[in-house]
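First up is the structure itself, then whatever we jot down about it.
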Amino acid sequence: MVQLVCSTSFVVQFHRDVDVESFVSKFYITNLGHLSLQTAGELDLSSFQIGDFKGITGNFTTETVSSLYNDPNVVAISLDRELVLSEVQEYAPLHLTRLSQVERLHAGQSMDYVYDPSGGIGVDVYILDSGIQLNHPDFTHRVHKIADYTGQSVRDQTDPVGHGTYIAGVIGSETFGVAKKANLYDIKVTDNRGRTKLTDVINALNLIVSDSRITERPSVVVIPLIMKKNLILNGAVEAVVNEGIPVIASAGNDGKSACDFSPGSAKGSLTVGALDAQDRIASFSNWGPCVDIFTSGVSVETTSLRGGASTYKSGTSLSAGITAGMVAYYMGMGDTGPQAVERVVKYSLNDHIPLVSLEGKPQTPNRILFNNEGEPNWGPSEQINVN
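According to the working numbering, the stretch in the sequence shown is residues -12 to 374, in order.
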């Protein structure tokens, strides 16, 4: 839903049998007298027609858009969005190449990642993990350490396990990341053994909500951690989601139903399973109706602890990181958190996972993460609802 306070530029499409000039004349007569006293100059109306495709553009207030939305002559209303050139990352890692093409990967193909250059700019991604290597050159000074629940100093710049650096890499590093311009917020919750307490995760989630209220910036949370299904953790995740902050959860690496684990079974979480390079569900990946989407999770190339070097890692944590990057990517283009999650599901590739891979995995969705081939403009399918 879009709420408008001042006038904003919109594009309005009419039904094919509408006479544009007659509509505009009638619009002036019937509406200008009571719709916020907009003058003709303020409206800046202009019309277009390409065969039977016709409509108007103009600067409209909430009242004006509401009137148009309820007009039977109108097919669709869209914000007058910008179109930009899509960038291409040549020789991209496999998980990014798969993200921006419809068909599965095959030998001999060009390894390109097509994406919108906005790259999640202005979006804060909170990563609950083992830490992030602060000085890694591929993060280009976008890592911010804000909390450490392990008893170590918040100034500690290390990631003793490496896991957090791997996940941050697929979220937002320049080479391996989906959202290459997003801010990466490091909340260290796991110790040197990769373990944490429920209390620490809940405290971290509470901190994130408080922090996002202060910054008023779009925020995303990724939790690449897992435990047996826990109603308290699920409740905490649901509370964060209710604040409008997407929570991306890994499905887990037990080869079982994700509904038996938390936080992936939490209502409202975006839960992600892992695929191999042939779009088959990874042998270790959890599955079932609590999984929302699948993406690469086997031998994923990402940032390592060894300076500018890379490493290959597997697991649904990587899949969750890639998806968190995708949510941040859409939010950087103007979506709210809930809209970005909805778009991730809406633009997923349906029925591309081989059916044999779904055998023995009841109620598992056949959806693969897809970035719409880097297309930044959503077209006429994006309606503007005004209440």
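Where is the CB? At the ideal position from N, CA and C, for every residue including glycine.
Can you tell me the Cα-Cα spacing of ARG330 and LYS13, whole angstroms? For this step, residue 330 is matched to residue 343 along the sequence shown. For this step, residue 13 is matched to residue 26 along the sequence shown. Taking the CA atoms as reference points, ARG330 sits about 36 angstroms from LYS13.
Note down the Cα distance separating VAL75 from HIS339, rounded to an integer number of angstroms. Here residue 75 is taken as the residue at index 88 of the sequence shown, counted from 1. Here residue 339 is taken as the residue at index 352 of the sequence shown, counted from 1. For VAL75, the predicted structure reports a pLDDT of 49, less than 50, and the residue's modelled location is therefore unreliable. A value from the coordinates is still provided. If I take the Cα positions, the gap works out to 24 angstroms.
Taking only runs that begin and end inside the segment 130 to 160, name each unbroken alpha helix (DSSP H) of 4 or more residues, in chain order. The alpha helix (DSSP H) runs lying completely inside the segment 130 to 160 and spanning 4 residues or more are 150 to 159, given in chain order.
Does the beta-carbon distance from LEU305 to HIS131 come in below 9 angstroms? For the purposes of this step, residue 305 is identified with residue 318 of the sequence shown, where counting begins at 1. For the purposes of this step, residue 131 is identified with residue 144 of the sequence shown, where counting begins at 1. With a cutoff of 9 angstroms on beta-carbon distance, LEU305 and HIS131 are scored as not near each other.
Count the other CB atoms, across all protein chains shown, that sit within 10 Å of the CB of PHE35; report buried if there are 16 or more and exposed otherwise. For the purposes of this step, residue 35 is identified with residue 48 of the sequence shown, where counting begins at 1. Taking every protein chain shown into account, the CB of PHE35 has fewer than 16 other CB atoms within 10 angstroms, so this residue is exposed.
Could you give the first and the last residue of the continuous beta strand (DSSP E) run that contains ASN170? On the sequence shown, position 183 is the one that residue 170 refers to. Segment 170 to 175, the beta strand (DSSP E) holding ASN170.
Quick one: using the 10 Å Cβ neighbour count with 16 as the cut-off for buried, is THR186 buried or exposed? Along the sequence shown, read from residue 1 onward, the residue named residue 186 stands at position 199. Exposed is the call here.
Whose CA, out of ASN358, GLU288 and SER270, lies closest to the CA of LEU345? Within the sequence shown, the letter at position 358 stands for residue 345. Nearest Cα to LEU345 within the set ASN358, GLU288 and SER270: SER270.
Whole-number beta carbon distance between ILE64 and TYR56, since they are thought to touch under 8 angstroms: Numbered from its first residue, the sequence shown carries residue 56 at position 69. Numbered from its first residue, the sequence shown carries residue 64 at position 77. At roughly 6 angstroms, the Cβ-Cβ gap stays under 8 angstroms, so TYR56 and ILE64 are in contact.
So ILE235 and VAL208 are in contact, right, with Cβ under 8 angstroms, and what is the actual spacing, rounded? Walking along the sequence shown from the start, residue 235 turns up at place 248. Walking along the sequence shown from the start, residue 208 turns up at place 221. ILE235 to VAL208, Cβ: 7 angstroms. Contact.
For the candidate residues ILE219, ILE355 and ASN229, whose alpha-carbon lies nearest to that of GLY284? As a position in the sequence shown, residue 284 is number 297, starting the count at 1. Considering only alpha carbons, the answer is ILE355.
Residue from LEU292, GLU360 and ILE154 with nearest C-alpha to ASP114: Stepping through the sequence shown from its first residue, residue 114 is reached at position 127. Before going further, note that residue 114 is Ile rather than Asp in the sequence given. Measuring from the Cα of ILE114, the nearest candidate turns out to be ILE154.
Pull the bridge partners of GLY337 from the DSSP assignment, please. Taking the sequence shown and counting its residues from 1, the one referred to as residue 337 is at position 350. Here residue 337 turns out to be Asn, not Gly, going by the sequence shown. By DSSP's assignment, ASN337 forms a beta bridge with ARG354.
Which of the three DSSP states is assigned to THR289 in this structure? The count along the sequence shown starts at 1 and reaches residue 289 at position 302. DSSP places THR289 in strand when its eight states are reduced to three.
Where the alpha helix (DSSP H) through VAL381 begins and ends: In the structure displayed, the chain extends from -12 to 374; residue 381 sits before or after that span and is not available.
Return helix, strand or coil for PHE271, following the three-state DSSP convention. Stepping through the sequence shown from its first residue, residue 271 is reached at position 284. Note: PHE271 maps to coil in three-state DSSP.
My output table needs one value for ILE108: the three-state DSSP class, helix, strand or coil. Looking up residue 108 in the sequence shown gives position 121. Correct three-state label for ILE108: coil.
If you count every other CB in all the chains shown that lies within 10 Å of the CB of GLN350, and 16 or more means buried, which is it? Here the question's residue 350 lines up with position 363 in the sequence shown. GLN350 comes out exposed.
7 angstroms CB neighbourhood of LEU292 in its chain, flanking five on each side removed: In the sequence shown, residue 292 corresponds to position 305, counting from 1. Shown here for LEU292: same chain residues with a beta carbon closer than 7 angstroms to its own, the five before and five after excluded, namely GLN120, ASP146, GLY149 and THR152 in chain order.
May I ask you to report which of helix, strand or coil DSSP gives GLY42? Taking the sequence shown and counting its residues from 1, one reaches residue 42 at position 55. Correct three-state label for GLY42: strand.
Just to check my reading of the structure: SER249 and LYS216 have Cβ atoms closer than 8 angstroms, yes? What is that Cβ distance to the nearest angstrom? Taking the sequence shown and counting its residues from 1, one reaches residue 249 at position 262. Taking the sequence shown and counting its residues from 1, one reaches residue 216 at position 229. Between SER249 and LYS216, the beta carbon gap of about 5 angstroms places them in contact (Cβ cut-off 8 angstroms).
Assess, as a yes-or-no matter, whether the segment 272 to 282 is touched by the segment 122 to 136 under the definition of 3 or more beta carbon pairs within less than 8 angstroms. Result no; under three Cβ-Cβ pairs closer than 8 angstroms.
Does LEU22 come out as helix, strand or coil in the three-state DSSP assignment? Stepping through the sequence shown from its first residue, residue 22 is reached at position 35. Caution is warranted here: a pLDDT of 45 is assigned to LEU22, below 50, making its placement in the model unreliable, and the coordinate value is therefore given only provisionally. Residue state, collapsed to three classes: coil.
Proximity below 9 angstroms, CB of GLY308 to CB of GLY156: Position 321 of the sequence shown, counted from the first residue, corresponds to residue 308. Position 169 of the sequence shown, counted from the first residue, corresponds to residue 156. Yes, the Cβ-Cβ distance between GLY308 and GLY156 is below 9 angstroms.
Could you have a look at THR323 and say whether DSSP puts it in helix, strand or coil? In the sequence shown, counting from the first residue as 1, residue 323 sits at position 336. Of the three classes helix, strand and coil, the one that applies to THR323 here is coil, per DSSP.
What does the Cβ neighbour count give for ARG180, buried or exposed, with the cut at 16 atoms within 10 Å? As a first step, residue 180 must be located in the sequence shown, where it is residue number 193. Its Cβ having fewer than 16 others within 10 Å, ARG180 is exposed.
Rounded to a whole number of angstroms, what is the C-alpha to C-alpha distance between ASP111 and ASN193? Working through the sequence shown from its first residue, we reach residue 111 at position 124. Working through the sequence shown from its first residue, we reach residue 193 at position 206. Approximately 15 angstroms between the Cα atoms of the pair.
Nearest-angstrom Cα separation, counted from ASP103 out to ILE210: Your numbering for residue 210 matches position 223 in the sequence shown. Your numbering for residue 103 matches position 116 in the sequence shown. Note on geometry: alpha-carbon atoms of ILE210 and ASP103 lie some 25 angstroms from one another.
Using DSSP bridges, identify the partner residues of SER283. Position 296 of the sequence shown, counting from 1, holds the residue named residue 283. DSSP lists LEU262 as the beta-bridge partner residues of SER283.
TYR334 versus MET313, ASP263 and ASN240, residue with shortest Cα-Cα distance: The residue you call residue 334 lines up with position 347 of the sequence shown. When each option's Cα is compared against that of TYR334, the closest is MET313.
Three-state class that DSSP yields for PHE163 in the structure shown: Taking the first residue of the sequence shown as position 1, residue 163 is located at position 176. Under the three-state reduction of DSSP, PHE163 is assigned to coil, being neither helix nor strand.
SER272 versus GLY242, ALA166 and SER286, residue with shortest Cα-Cα distance: Within the sequence shown, residue 272 is the residue found at index 285, counting from 1. For the residues GLY242, ALA166 and SER286, the minimum Cα distance to SER272 belongs to GLY242.
For PRO80, which residues from the same chain have a beta carbon less than 6 angstroms from its beta carbon, with the 5 sequence-adjacent residues on both sides left out? Locating residue 80 in the sequence shown gives position 93, counting from the first residue. Taken in chain order, the residues that qualify are PHE163 and GLU288.
Tell me which residues share the same chain as ALA169 and place their Cβ nearer than 6 angstroms to its Cβ, disregarding the 5 neighbours each side in the sequence. Counting from 1 along the sequence shown, the entry for residue 169 is found at position 182. Scanning its chain for C-beta atoms nearer than 6 angstroms, with the 5 sequence neighbours on each side dropped, one finds around ALA169 the residues GLY107, VAL110, VAL112, GLY159 and ALA315, in chain order.
Rounded to whole angstroms, what is the Cα-Cα separation between SER9 and PHE40? Taking the first residue of the sequence shown as position 1, residue 9 is located at position 22. Taking the first residue of the sequence shown as position 1, residue 40 is located at position 53. SER9 and PHE40 have their C-alpha atoms spaced approximately 16 angstroms apart.
For LYS216, three-class secondary structure by DSSP: Here residue 216 refers to the residue found at position 229 of the sequence shown. Here DSSP, grouped into helix, strand and coil, assigns LYS216 to coil.
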